[in-house]
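Here the structure comes first, spelled out in structure tokens, and everything after it is commentary.
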Amino acid sequence: MRKALGLFAFLGFTLFLLAATMSLRPFGAPPHTEMDHYFITHAQEQASANNVVTSIVFDYRGFDTLGEATVLFTAVAGVLMVLRRKEVSS
Amino acid sequence: MTTTIIKTTTRILASLILVFGAYIILHGHLTPGGGFQGGAVFASGLALLIVACEDEIVKKRFEKVPLSPLESIGALGFLGTALLGLMGYTFFKNVIANSGFIFGGKTPIGINPGYLNTGGTLAYMNIFVGMKVLAGLTSIVLIFFLLLGGKKDEW
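Protein chains in written order, with my numbering: chain A, 1 to 90; chain B, 91 to 245.
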């Protein structure tokens, strides 16, 4: 009974994945490209950087990077707090 | 743990890795990479220096390195650079770009070889984030090495 149920679930999931793969868009053709074109054409004059990725990470999506830095800070602080001993000072 | 091979390789490679990390951080607004990636490369070079030496030498060498202040300076500097945008504009506004300050040179539009003196606040944020990442990762590696590296019997 359990094996039949597992086989049924396996086949159903496989068919679902295959159907989802069939309906994927072709490589390199996302549905919405307005934002990308805006970044690529305007990043140099608005953020004044040749590297568009950096201008997105630090200018357009600055808050995201702020949260990322906070996550790293919290992780380091937690590790140091848990593992700190008297003789280690860093 | 620290064989002659590792020591010799470290003597040749460590300085090159550190220079490469600093290059990635400083050129974050021109070439692929940036603060996070360059900081990780720099921290890996420092991790090589940590792993290749004995316990006491590492302790003596890294005693004077201000890792915690570097981490704090990185976080606060990043926030402060973002707050600079409040001088008449919004948070995270690139106020230093095209202003003539350091890293504030005139940015050429279109295809150009890439000039280091551009980028505005992006370059400063890259430097601060790189400082922060290298201090954080290095302190994690250092504390793991100092706490767990010496006791071989437990592992």
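Note that the Cβ used here is the ideal one computed from N, Cα and C, for glycine as well.
Closest in alpha carbon position to residue 167 of chain B, among B:216, B:208, B:130 and B:144, is B:216. A Cβ-Cβ distance of about 7 Å is found for the pair residue 72 of chain A and residue 223 of chain B, placing them in contact under the 8 Å criterion. By alpha-carbon distance to residue 135 of chain B, the top candidate from B:213, B:103, B:172 and B:204 is B:103. With a contact defined as Cβ atoms closer than 8 Å, residue 51 of chain A and residue 118 of chain B qualify at about 7 Å.
Contact between residue 120 of chain B and residue 195 of chain B is absent: CB atoms are separated by about 12 Å, not below the 8 Å threshold. DSSP places residue 32 of chain A in no alpha helix (DSSP H); its state is neither H nor E.
Residue state for residue 186 of chain B is assigned as coil, using DSSP reduced to three classes.
A Cβ-Cβ distance of about 17 Å is found for the pair residue 180 of chain B and residue 214 of chain B, leaving them out of contact under the 8 Å criterion. Annotation for residue 13 of chain A: the continuous alpha helix (DSSP H) segment containing it runs 2-22. For residue 150 of chain B, no Cβ of chain A is located within less than 9 Å of the residue's own Cβ. Under the Cβ criterion of 9 Å, residue 72 of chain A is counted among the residues facing chain B. Here residue 216 of chain B carries a helix assignment [DSSP, helix/strand/coil]. If you draw a straight line from the Cα of residue 234 of chain B to the Cα of residue 160 of chain B, it comes to about 19 Å.
At the C-beta level, residue 47 of chain A and residue 173 of chain B stay beyond 9 Å of one another.
For residue 57 of chain A, no alpha helix (DSSP H) run applies, since DSSP gives it neither H nor E. Closest by C-alpha distance to residue 107 of chain B, out of B:98, B:133, B:123 and B:94, is B:133. Cα atoms of residue 19 of chain A and residue 153 of chain B: separation of roughly 59 Å, rounded to the nearest angstrom. Annotation for residue 101 of chain B: the continuous alpha helix (DSSP H) segment containing it runs 94-116. Excluding five sequence positions before and after residue 201 of chain B, none of the CB atoms of its chain fall closer than 7 Å to its own CB. The beta carbon of residue 192 of chain B does not come within 9 Å of any beta carbon belonging to chain A, so the residue lies off that interface. Judged by DSSP in its simplified three-state form, residue 159 of chain B adopts helix.
By alpha-carbon distance to residue 182 of chain B, the top candidate from A:67, A:80, A:63 and A:68 is A:63.
Taken through DSSP and simplified to helix, strand or coil, residue 119 of chain B comes out as coil. Taking the CA atoms as reference points, residue 5 of chain A sits about 44 Å from residue 67 of chain A.
In the DSSP assignment, residue 151 of chain B falls within the unbroken alpha helix (DSSP H) covering 145-152.
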